[in-house]
Amino acid sequence: NSRLFSFILSCGTIKRESYHRFHTRTAAERVTSVLTKRLADTAEPFLGEDGRSRETVLWDASVAGFGLRVSPVGAKAFILKYRAGRGRDATLRKVTIGRYGSPHTVETARREARRLLGIVAAGGDPAGDKAEKRRDQRSGKATRGSVARACQEWLRRATRPATAPPQR
Numbered sequence: 365n366s367r368l369f370s371f372i373l374s375c376g377t378i379k380r381e382s383y384h385r386f387h388t389r390t391a392a393e394r395v396t397s398v399l400t401k402r403l404a405d406t407a408e409p410f411l412g413e414d415g416r417s418r419e420t421v422l423w424d425a426s427v428a429g430f431g432l433r434v435s436p437v438g439a440k441a442f443i444l445k446y447r448a449g450r451g452r453d454a455t456l457r458k459v460t461i462g463r464y465g466s467p468h469t470v471e472t473a474r475r476e477a478r479r480l481l482g483i484v485a486a487g488g489d490p491a492g493d494k495a496e497k498r499r500d501q502r503s504g505k506a507t508r509g510s511v512a513r514a515c516q517e518w519l520r521r522a523t524r525p526a527t528a529p530p531q532r
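Note that the working numbering gives residue 523 to position 159 of the sequence shown, counting from 1, and the numbers run on in steps of one.
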């Protein structure tokens with residue numbers, strides 16, 4: 365924790381007076397600075413008062429709602445928080461953009477966050493769409509049915525039209 369904070373201070377992203385606020389806030393309210401590759405590489409989960417590591421989110425100052433989530437075991441993923449609808453009464457949503465590393469760098473994830481925010485501004489709901497798609501896939505698998513139908517689907521996708529077996 366102190367290494368990360370010292371690093372952030374050396375980068376000049378937050379002031380020394382912010383130290384107390386930095387360590388007393390919840391994990392979701394911590395560091396707000398421009399995310400860089402160097403900051404993402406050195407990010408690690410914060411230790412709670414009980415000595416256990418906690419989920420940490422490093423928020424990006426350049427794109428509202430965009431951040432890097434660091435899990436208690438150290439896994440890193442880019443997230444986007446937004447409100448689906450208008451105003452404070454709208455539902456707060458969170459969508460995972462992808463894991464840090466291959467294929468997402470800080471810049472590609474930031475671009476994707478801007479794209480998703482554009483969809484939200486147009487009235488869309490990326491997290492809701494993703495959940496709906498997942499629900500449809502689950503219900504489709506449950507009702508799809510027989511092995512014969514699965515084999516036919518596989519043959520349809522795996523063979524070229526010239527070599528496809530004749531349909532009866």
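Yeah, the Cβ is synthetic: ideal placement off N, Cα and C, and Gly gets one too.
Taking all protein chains shown into account, Arg-457 has 16 or more neighbouring C-beta atoms within 10 Å of its C-beta and is therefore buried.
Inclusion of Lys-401 and Thr-460 in the CB contact set at 8 Å is not warranted, their separation being larger than that value.
Thr-472 and Ala-439 have their alpha carbons spaced roughly 18 Å apart.
Secondary structure at Ser-417: strand, using DSSP grouped into helix, strand and coil. Around the CB of Thr-420, 16 or more other CB atoms lie within 10 Å, so the residue is classed as buried. Taken atom to atom, the span from the alpha-carbon of Asp-489 to that of Arg-452 is near 16 Å. With 16 or more neighbouring CB atoms inside 10 Å of its own CB, Ala-477 falls in the buried class.
Leu-411 sits away from Tyr-446, with the two beta carbons spaced by 8 Å or more. For Ser-417, the closest alpha carbon among the candidates Val-434, Ala-428, Thr-406 and Ser-426 is that of Val-434.
The C-alpha of Phe-430 is placed about 32 Å away from the C-alpha of Ser-503. Counting only the Cα atoms, Ala-448 lies some 22 Å from Leu-422.
C-alpha of Trp-518 to C-alpha of Asp-493: approximately 27 Å in a straight line.
In this structure Arg-479 does not touch Val-427 by the C-beta definition: roughly 11 Å separates them, more than the 8 Å allowed. A residue is called buried when at least 16 other Cβ atoms come within 10 angstroms of its Cβ; Pro-409 meets this threshold and is buried. When secondary structure is reduced to three states using DSSP, Ala-473 falls in the helix class.
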